Structure formats: C-alpha cells, structure tokens
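Peer 1: The structure under discussion is supplied below as structure tokens; questions concerning it will follow.
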Amino acid sequence: MKNIEDSRLKYKIVIADDHALVRGGLELVVKMAVPNTEIFQANSFDETINILNENFSIDLVLLDLMMPGMWKDSIQSITKQFPDVPIVIVSVKEDFESIHNSISLGASGFIPKTSAPEVTISAIQLVLAGGVYIPPHVLKPQTDTTELNEKSNDYNSINRLSKRQKQVLDLLSLGKSNQNIADDLGLTIPTIKMHVSAIFKKLNVKNRTEAVSIYSNLEKVSNLLS
Numbered sequence: 001m002k003n004i005e006d007s008r009l010k011y012k013i014v015i016a017d018d019h020a021l022v023r024g025g026l027e028l029v030v031k032m033a034v035p036n037t038e039i040f041q042a043n044s045f046d047e048t049i050n051i052l053n054e055n056f057s058i059d060l061v062l063l064d065l066m067m068p069g070m071w072k073d074s075i076q077s078i079t080k081q082f083p084d085v086p087i088v089i090v091s092v093k094e095d096f097e098s099i100h101n102s103i104s105l106g107a108s109g110f111i112p113k114t115s116a117p118e119v120t121i122s123a124i125q126l127v128l129a130g131g132v133y134i135p136p137h138v139l140k141p142q143t144d145t146t147e148l149n150e151k152s153n154d155y156n157s158i159n160r161l162s163k164r165q166k167q168v169l170d171l172l173s174l175g176k177s178n179q180n181i182a183d184d185l186g187l188t189i190p191t192i193k194m195h196v197s198a199i200f201k202k203l204n205v206k207n208r209t210e211a212v213s214i215y216s217n218l219e220k221v222s223n224l225l226s
C-alpha cells in the first residue's frame with residue numbers, strides 16, 4: 001500500500017460518472033486530496049471496466065451508482081475481478097439502504113454528493129490509507145470514533161482474505177478441526193494449515209481464538225449500520 005504522505009508516489013484513480021461536470025469537480029477534489037495523481041475518467045460502467053483492464057495498479061475507483069450500465073451486482077462484479085482495487089461510491093443517494101448495500105457488496109466507502117469538499121478529501125485519504133469511510137449520519141448514535149476505527153480495520157483485514165480463506169475461517173468459527181475442514185472442502189490437511197497461517201498473518205493474530213473473535217464479532221461493518 002502506498003503512503004499518501006509521500007509526494008513522490010503517483011496514484012492512479014478512476015472517476016466514473018456520466019456527468020462531465022461531476023467528473024471535473026471530483027478531479028479537482030482528488031488532486032487536493034492526493035496531488036500526485038493520474039486521473040482516468042469514465043462515463044459508463046463498461047468504460048470503467050475497460051480502464052481497469054487496460055491500466056495496471058489502479059489505486060482507487062470513485063463510482064457513481066446511477067451511471068449507465070450499472071446494475072445491482074456491479075460493485076461485487078468489480079471487487080471480484082479486481083480484488084485489490086478499493087471502490088468508493090459517490091452518489092446523490094444517501095439513504096441507509098443504499099449505503100448499507102454498497103458496503104456489504106464490498107465498497108470501501110460511500111460519499112454522498114452533498115458532502116463538503118473537505119469531507120470528500122478526508123474520505124479519499126482514509127480509503128487510500130486502507131480504511132473504510134461511512135457517512136456519520138448512518139451510524140448508530142452510540143458508536144464512537146474508536147469503535148468505528150476498530151471495526152473499519154477489522155473489515156479491511158477480513159476483506160483482504162481470499163474466497164478460500166474466508167471459507168476456512170468460517171469453518172474455524174464453527175469449531176472444526178483441520179481434518180474436518182479438509183474433509184468439508186476436499187483439501188489436504190497441509191493445504192488447510194497453509195490457509196490458516198495466511199489467515200493469521202492477514203488478520204494480524206496469533207491463534208484461532210483471536211481470528212474467530214474478529215470474524216464472529218465483526219459481521220463486516222454492517223454492525224455499525226444496523
């Protein structure tokens with residue numbers, strides 16, 4: 001992950017919106033957030049995918065929910081094809097359901113188009129640093145900043161796991177042994193041990209109990225939105 005404070009590093013950011021004025025405005029804000037940035041503009045979902053396919057190491061996609069070609073699984077489609085590229089939704093919608101669904105489908109943030117430039121700048125910087133941005137107005141009143149940061153970090157860690165590693169972690173949470181997991185997934189015990197070690201490393205934990213604790217208590221960031 002790049003250090004956003006290092007001005008020598010050049011970021012590649014896609015701005016996907018079907019309105020040229022919005023794209024232009026977002027480009028100005030992005031360059032305030034991260035001055036050394038190469039901007040790619042797309043006016044449809046298909047063009048967004050083409051840019052991602054043709055350009056190596058895109059660091060962030062700012063995606064409009066209402067763009068031509070968008071469908072209910074568009075976010076998930078991008079996260080599956082490009083799992084290392086964070087997506088931030090930028091939308092006129094700012095209702096609970098739209099935000100909750102976007103985060104649940106794999107978006108790393110949701111910025112309402114009514115947001116002030118300074119809020120948008122902070123959100124972009126947060127996501128580029130590995131965090132998750134959720135508009136404060138949809139969080140539970142009792143959720144404080146510390147809890148949000150902890151949950152965001154846990155979500156980000158879980159999101160870095162591969163599909164197979166998530167399957168293994170899910171079975172670990174059920175208290176199954178390596179042998180049981182190997183039988184359930186049709187894999188060998190050494191392969192399961194390899195996945196478990198990778199899970200520990202990505203979650204920054206030392207044992208199964210800690211890994212399962214993160215997994216069981218997290219329910220992604222949805223706990224903050226319910």
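Per full-length UniProt numbering, the sequence shown starts with residue 1, numbered consecutively.
Don't be surprised by glycine CBs; every beta carbon is placed ideally from N, CA and C.
Every value quoted in this text rests on a predicted model; they were computed, and no experiment measured them.
#1: Residues bridged to K12 by DSSP?
#2: In its own chain, which residues sit with a C-beta less than 6 Å from the C-beta of I51, not counting the 5 before and 5 after it?
#3: If we count Cβ pairs, one from each stretch, closer than 8 Å, do we get three or more for the region 111-129 versus the region 83-93?
#4: Out of K80, D64, K202, which one is the CA nearest neighbour of S98?
#5: Is DSSP giving V85 helix, strand or coil here?
#6: Please state whether the Cβ-Cβ distance between P83 and V127 is less than 8 Å.
#7: Once you ignore the five residues that flank T37 on each side, which residues in its own chain have a CB closer than 8 Å to its CB?
#8: Which value, in whole angstroms, describes the spacing of the CA atoms of G106 and A182?
#9: Since L169 and I199 should fall inside the 8 Å C-beta cutoff, what is the C-beta to C-beta distance between them, to a whole number of angstroms?
#10: Tell me the start and end of each unbroken beta strand (DSSP E) in the UniProt domain "Response regulatory" (12-128) that is at least 3 residues and wholly inside, in chain order.
#11: Can you list, in chain order, the residues of its chain whose CB lies under 7 Å from that of E27, leaving out five sequence neighbours each side?
#12: What's the C-alpha gap between D18 and I78?
#13: Short of 6 Å in beta carbon distance, which residues of its chain neighbour P117, apart from the five on each side in sequence? Order them along the chain.
#14: Would you list the residues sitting across from Y133 in a DSSP beta bridge?
#15: Taking the alpha helix (DSSP H) that K201 falls in, what are its first and last residues?
#16: As a quick exercise: from E94, P136, I103, pick the residue whose alpha carbon is nearest that of S74.
#17: Could you give the residue range of the alpha helix (DSSP H) that holds S173?
Peer 2: The relevant details are as follows:
#1: E38
#2: V14, F40, A42
#3: yes
#4: D64
#5: coil
#6: no
#7: K10, Y11, K12, I13, V30, K31
#8: 28 Å
#9: 6 Å
#10: 37-42, 60-63, 87-91, 109-112
#11: I15, I39
#12: 18 Å
#13: V29
#14: G109
#15: 189-203
#16: I103
#17: 163-173
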